[in-house]
Structures are given as structure tokens and as C-alpha cells.
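Visitor: So that we are looking at the same thing, I have put the structure below in C-alpha cells.
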């Protein structure tokens with residue numbers, strides 16, 4: 001119930017989590033391993049947001065292969081502290097510089 005109320009508050013009543021989102025989010029919040037495979041638009045970000053909202057003193061790290069997806073997820077979480085970072089290096093670039101000789 002607390003997770004539902006938090007989500008309703010954070011999204012200003014726009015989103016209501018469905019049962020599977022709640023099950024996955026609450027399992028993760030309780031320290032259980034959780035693996036979700038779902039189609040695009042299903043609401044996987046909600047599964048990430050629930051444990052963050054239930055335990056705001058913890059740090060949550062989510063790894064995503066797509067920069068645009070990262071930006072969208074952070075945009076969805078505007079009412080809580082969320083940020084993202086990404087690398088702009090290609091597989092042929094490195095972060096170290098060679099000294100000129």
C-alpha cells in the first residue's frame with residue numbers, strides 16, 4: 001500500500017502500479033534478486049523506482065545500454081533525486097592519453 005501511495009504522490013496521480021510491478025519492486029526493496037523481462041512500454045522503470053522510493057537512504061545503480069533510455073528513466077523520476085551518467089567513448093577510444101615523445 002505504501003508503494004502505491006508513494007507512486008501516486010510522486011506522479012501526481014498519473015500512474016498506478018500494476019500487480020507485477022509491485023511484486024518486482026517490493027521484492028527488490030526487500031533485498032531479493034529480481035529479473036524482469038517485459039515488452040517495451042510495460043513499465044520496467046516502475047520496478048526500479050519502487051525500491052528507490054521505499055528506501056530513499058539507499059543508493060540504486062541501474063545499468064542501461066541506451067543513453068536515451070537513461071534520460072527517459074531519469075525524466076520519469078523527477079520527483080525523487082535521480083541522475084544519470086554515460087560514456088561517449090567508442091570501443092576504439094580510451095580514456096587515457098599517451099604522452100607525446
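Numbering (full-length UniProt numbering), first residue to last: 1 to 101.
Built from N, CA and C at the ideal position, the CB exists for glycine as well.
Which value, in whole angstroms, describes the spacing of the CA atoms of residue 71 and residue 45?
Guide: On the chain shown, residue 71 is found 71 positions in, with the first residue counted as 1. On the chain shown, residue 45 is found 45 positions in, with the first residue counted as 1. Answer to the nearest angstrom: the Cα atoms are 12 angstroms apart.
Visitor: Does the beta-carbon distance from residue 13 to residue 50 come in below 8 angstroms?
Guide: Taking the chain shown and counting its residues from 1, one reaches residue 13 at position 13. Taking the chain shown and counting its residues from 1, one reaches residue 50 at position 50. Going by C-beta atoms, residue 13 is not nearer than 8 angstroms to residue 50.
Visitor: Tell me which residues share the same chain as residue 54 and place their Cβ nearer than 8 angstroms to its Cβ, disregarding the 5 neighbours each side in the sequence.
Guide: Position 54 of the chain shown holds residue 54. These residues qualify, in order along the chain: 2, 3, 6, 25, 26, 29.
Visitor: So, for residue 22: in the same chain, excluding its five sequence neighbours on each side, which residues have a beta-carbon less than 8 angstroms away from its beta-carbon?
Guide: Start at 1 with the first residue of the chain shown, and residue 22 comes out as number 22. Hits under 8 angstroms: 3, 4, 50.
Visitor: Roughly how many angstroms separate the alpha carbons of residue 34 and residue 65, rounded to a whole number?
Guide: As a first step, residue 34 must be located in the chain shown, where it is residue number 34. As a first step, residue 65 must be located in the chain shown, where it is residue number 65. Rounded to the nearest angstrom, the two C-alpha atoms are 19 angstroms apart.
Visitor: Roughly how many angstroms separate the alpha carbons of residue 36 and residue 48, rounded to a whole number?
Guide: Locating residue 36 in the chain shown gives position 36, counting from the first residue. Locating residue 48 in the chain shown gives position 48, counting from the first residue. About 10 angstroms.
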